[in-house]
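Working notes for the structure below.
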Amino acid sequence: MRQLLILIQKEFIQIFRNPLLPKLILIFPVMVMLVMPWVTTMDVRNVGVAIIDDDCSTLSYRIKSDIRAAEYFTINDEPNTHEEALRLLEDSKIDIILLIPDDFERNITSVSPKKLDISANAVNATKGSLGSQYLVQTIASTMSKYMSEQGRSHLSDFVVIQNRYNPTLNYRNLMIPALMIMLVILICGFLSSVNIVSEKENGTIEQINVTPIGKFTFVLAKLIPFWLIGLFVVTVAMIVAWLVYDLVPVGSLGNIYFATILFILCFSGFGVTIANISDNIQQTMFMMFFFIVIFILLSGLLTPISSMPDWAQKFTMLLPPRYYIDIMRSVYLKGAVFMELWHNFAALGVFVIIFNLLATITYKKQV
Amino acid sequence: MSDVIISVKDLTKRFGDFTAVNRITFDVERGEIFGFLGANGAGKTTAMRMLCGLSYPTSGSGTVAGYDVMREGEMIKRHIGYMSQRFSLYNDLTVWENIRLFAGIYGLSKSETESRATELLRRLNFTSERDTLVGALPLGWKQKLSFAVATIHRPEVVFLDEPTGGVDPITRRQFWEMIYEAADSGTTIFVTTHYMDEAEYCTRVSIMVDGEVRALDTPARLKEQFVAESMDEVFRILARGAKRGE
Chain A
189 MRQLLILIQK EFIQIFRNPL LPKLILIFPV MVMLVMPWVT TMDVRNVGVA
239 IIDDDCSTLS YRIKSDIRAA EYFTINDEPN THEEALRLLE DSKIDIILLI
289 PDDFERNITS VSPKKLDISA NAVNATKGSL GSQYLVQTIA STMSKYMSEQ
339 GRSHLSDFVV IQNRYNPTLN YRNLMIPALM IMLVILICGF LSSVNIVSEK
389 ENGTIEQINV TPIGKFTFVL AKLIPFWLIG LFVVTVAMIV AWLVYDLVPV
439 GSLGNIYFAT ILFILCFSGF GVTIANISDN IQQTMFMMFF FIVIFILLSG
489 LLTPISSMPD WAQKFTMLLP PRYYIDIMRS VYLKGAVFME LWHNFAALGV
539 FVIIFNLLAT ITYKKQV
Chain B
60 MSDVIISVKD LTKRFGDFTA VNRITFDVER GEIFGFLGAN GAGKTTAMRM
110 LCGLSYPTSG SGTVAGYDVM REGEMIKRHI GYMSQRFSLY NDLTVWENIR
160 LFAGIYGLSK SETESRATEL LRRLNFTSER DTLVGALPLG WKQKLSFAVA
210 TIHRPEVVFL DEPTGGVDPI TRRQFWEMIY EAADSGTTIF VTTHYMDEAE
260 YCTRVSIMVD GEVRALDTPA RLKEQFVAES MDEVFRILAR GAKRGE
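Sequences listed follow chains A and B, in order. Just so you know, the working numbering puts 228 at position 40 of the first sequence, and the rest follows in order with no gaps. Just so you know, the working numbering puts 267 at position 208 of the second sequence, and the rest follows in order with no gaps.
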């Protein structure tokens, strides 16, 4: 026990004496939380729209002004004909062309009303499809207002879309818990592995290996500081999320911290394992990058797991961040309780045991 | 002075096809200063690492302080001190923090640590450097500190792997005084070196060539046996036959 305390004390002295590390540990979460939620957005904005109005009626005018008023669109007034607009579309100067045909308003109530024509550039699939969807919604609302003013019932069914848990469909809210997870992955994974492998490079680990210190004690003394640092980083990130984005977890903090503790234990165990099987920092960094890219892209951090192919979905079962992300998002945005998530906690627990066993086994005092 | 503290029989270490240490056999008695000589690449460090429980022998047997090198590596570690070729204290810790760390690892109590460390700093004339970062010390001082740390728990045997490499003659002299002091208090010293004047200070000397022990005796008898003026000459005669280069 005294050995463990002395080793932990040593780790903390080294971390705080490092000229860069303590600053990074504080600045990193603040920076990531201040900047990343704004840039990792999948909301589509600034959709360039050209409107070719062959109708020039009150209705077409209303449609145009409503589109102009919507925040997603930037109107390009340049083209006067459909051909000109198509050329702009081809040059990626605009994203969508809306063609309002001749006599659109006059024929609106006829048996075969004329149709609006929307052409979107779908090279950027997200922008193309989301943009035209926004456009259709905007026009639909104009049309339904117009119809009710005219005293006619709208023909189409009213579709009511209700976005629950994230009412404004704010992509930021989805990203904030995910960014916290990335912070933990980077800080706990990288720092713990680089820390151990640099002891190898400096030769100090050999001096430790020739002492009677237990393997488990040594590994534990390496893990505990990063465990505390990880909790600190998540706390800072949550405070920033609260102050800047007014986002507080709907569910209990206890669940968030419990999941974070499990995940950090699991991930720093992973980091130590990587460090044990590599001889220098270069190897460690390369291996960590390899796994972190897999973790970030495959564990549902950026894209939903449910839209991945079946085999990939099965594969994600093997990735610990997947469970942590699930817990964090559910607790943060939906207020899920422990009983709904217990299988995620259990899975994390299993990974904690596996990775820390691996970390202890791969650390060899005698070769 | 007759009990054996290190006993090695046919100890061998192979890395793939390469036999680094080939069936070495020798005994070291308690309280001896045992010089372990050999050219670069002769297998000294590998042999020493096996004795310290850092490396498993491929075959053969040996005991250190009564414990088997194959099965009881962790028990051996309680009874030995080790100072490697590379300086391996923590450069980013102070002199005092390094001493406290290793004393703690060897299970010394707080008060024991305090009293031994104070005594040690005084003996090394390091009292004023107590709070200096170890990385800022000159090499000779670092080596003296390493030796002091390696013996803080009063081990039965200390293994020193080229402790005086790159150290100036005056510090080298002081270093050997420390070795003698430790030997006088009953610690067995197992030391490798490339300085033949240092070999003359040893109780007994073994010379390794190409992974084998080719000669083992007191410096005086070795000189007699090889009809040589100095240990330097003895070493040259033996090492000339070496097939492994640097």
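All C-beta atoms, glycine included, are put in the ideal place defined by N, C-alpha and C.
Using 8 Å as the threshold, is the C-beta distance between residue i and residue j below it?
| i | j | result |
| --- | --- | --- |
| Ile-449 (chain A) | Leu-419 (chain A) | yes |
| Leu-113 (chain B) | Gly-121 (chain B) | no |
| Val-436 (chain A) | Met-368 (chain A) | no |
| Pro-225 (chain A) | Glu-133 (chain B) | no |
| Glu-215 (chain B) | Thr-247 (chain B) | yes |
| Phe-261 (chain A) | Val-227 (chain A) | no |
| Gly-119 (chain B) | Asp-69 (chain B) | yes |
| Met-267 (chain B) | Ala-101 (chain B) | yes |
| Leu-148 (chain B) | Ser-205 (chain B) | yes |
| Asp-283 (chain A) | Asn-309 (chain A) | yes |
| Ile-296 (chain A) | Ile-240 (chain A) | no |
| Arg-233 (chain A) | Leu-362 (chain A) | no |
| Tyr-551 (chain A) | Lys-388 (chain A) | no |
| Ile-139 (chain B) | Ala-162 (chain B) | no |
| Val-398 (chain A) | Tyr-115 (chain B) | no |
Assign residue i to buried or exposed, taking buried as 16 or more other Cβ atoms, counted over all protein chains shown, within 10 Å of its Cβ.
| i | result |
| --- | --- |
| Phe-378 (chain A) | buried |
| Arg-294 (chain A) | exposed |
| Gln-191 (chain A) | buried |
| Leu-506 (chain A) | exposed |
| Val-347 (chain A) | The predicted position of Val-347 (chain A) is uncertain, since its pLDDT is 49 and thus under 50; a value taken from the coordinates is nonetheless stated next. Exposed, since its Cβ has fewer than 16 Cβ neighbours within 10 Å. |
| Leu-541 (chain A) | For the sequence presented, residue 541 (chain A) should be read as Ile rather than Leu. Looking at its Cβ environment, which holds fewer than 16 other Cβ atoms inside 10 Å, Ile-541 (chain A) is exposed. |
| Asn-184 (chain B) | exposed |
| Ile-215 (chain A) | exposed |
| Cys-454 (chain A) | buried |
| Tyr-511 (chain A) | buried |
| Cys-376 (chain A) | buried |
| Lys-333 (chain A) | exposed |
| Asp-138 (chain A) | Here chain A has residues from 189 to 555 only, and residue 138 (chain A) is not among them. |
| Ser-380 (chain A) | buried |
| Asp-514 (chain A) | buried |
| Arg-108 (chain B) | buried |
| Arg-159 (chain B) | buried |
| Asn-206 (chain A) | exposed |
So for residue i, helix, strand or coil by DSSP?
| i | result |
| --- | --- |
| Phe-543 (chain A) | helix |
| Ala-425 (chain A) | helix |
| Thr-256 (chain B) | Reading off the sequence, residue 256 (chain B) comes out as Asp, not Thr. Of the three classes helix, strand and coil, the one that applies to Asp-256 (chain B) here is helix, per DSSP. |
| Met-237 (chain B) | helix |
| Met-142 (chain B) | strand |
| Ile-282 (chain A) | coil |
| Gly-224 (chain B) | coil |
| Ser-253 (chain A) | helix |
| Val-347 (chain A) | Confidence in Val-347 (chain A) is poor, its pLDDT being 49 and thus under 50, which makes the residue's placement unreliable; the coordinate value appears in the next sentence. Residue state, collapsed to three classes: coil. |
| Met-134 (chain B) | helix |
Quick one: which chain A residues come within Cβ less than 9 Å of residue i?
| i | result |
| --- | --- |
| Ser-143 (chain B) | Gly-391, Glu-394, Gln-395, Val-398 |
| Glu-178 (chain B) | Simply none; closest approach about 20 Å. |
| Tyr-254 (chain B) | Going along chain A, no residue has its Cβ under 9 Å from Tyr-254 (chain B), so there is no contact; the nearest lies around 22 Å. |
| Glu-133 (chain B) | Pro-400, Gly-402, Lys-553, Gln-554 |
If you draw a straight line from the alpha carbon of residue i to that of residue j, how long is it in whole angstroms?
| i | j | result |
| --- | --- | --- |
| Ile-396 (chain A) | Asp-269 (chain B) | 29 Å |
| Met-527 (chain A) | Arg-137 (chain B) | 49 Å |
| Ile-427 (chain A) | Val-382 (chain A) | 28 Å |
| Glu-283 (chain B) | His-212 (chain B) | 39 Å |
| Asp-345 (chain A) | Ile-412 (chain A) | Interpretation of Asp-345 (chain A) is limited by its pLDDT of 43, a score under 50 that renders its predicted location unreliable; no figure is taken from the coordinates. |
| Tyr-165 (chain B) | Ala-524 (chain A) | 48 Å |
| Ser-245 (chain A) | Glu-337 (chain A) | 16 Å |
| Val-217 (chain B) | Ile-238 (chain B) | 10 Å |
| Ala-242 (chain B) | Glu-91 (chain B) | 7 Å |
| Val-63 (chain B) | Ser-265 (chain B) | 16 Å |
| Trp-430 (chain A) | Val-481 (chain A) | 28 Å |
| Phe-200 (chain A) | Val-128 (chain B) | 34 Å |
| Glu-305 (chain B) | Asn-99 (chain B) | Confidence at Glu-305 (chain B) is low in this model, with a pLDDT of 47, below 50, so its placement is unreliable and the value that follows should be read with caution. Roughly 6 Å between the two C-alpha positions. |
| Phe-543 (chain A) | Asn-150 (chain B) | 30 Å |
Give me the chain A residues within the contact set of residue i, using Cβ-Cβ distance strictly less than 7 Å, ordered along the chain.
| i | result |
| --- | --- |
| Tyr-126 (chain B) | Result: empty, since nearest Cβ-Cβ is about 11 Å, beyond 7 Å. |
| Ile-64 (chain B) | Under the 7 Å cutoff, chain A gives no residues; its nearest Cβ is about 17 Å from Ile-64 (chain B). |
| Lys-136 (chain B) | Val-398, Thr-399, Pro-400 |
Going along chain B, which residues have a C-beta under 8 Å from residue i?
| i | result |
| --- | --- |
| Lys-198 (chain A) | Tyr-149, Leu-152, Glu-156, Leu-160 |
| Val-555 (chain A) | Leu-113, Ser-114, Tyr-115 |
Can you pull the chain B neighbours of residue i, defined as C-beta to C-beta under 9 Å?
| i | result |
| --- | --- |
| Arg-205 (chain A) | Asp-151, Leu-152, Leu-192 |
| Ile-493 (chain A) | Under the 9 Å cutoff, chain B gives no residues; its nearest Cβ is about 43 Å from Ile-493 (chain A). |
Mind pulling the chain A residues with CB within less than 8 Å of residue i?
| i | result |
| --- | --- |
| Ile-164 (chain B) | Gln-191, Ile-194, Leu-195, Ile-396, Thr-399, Pro-400, Ile-401 |
Below 7 Å on C-beta distance, what does residue i contact in chain B?
| i | result |
| --- | --- |
| Ile-201 (chain A) | Leu-152, Glu-156 |
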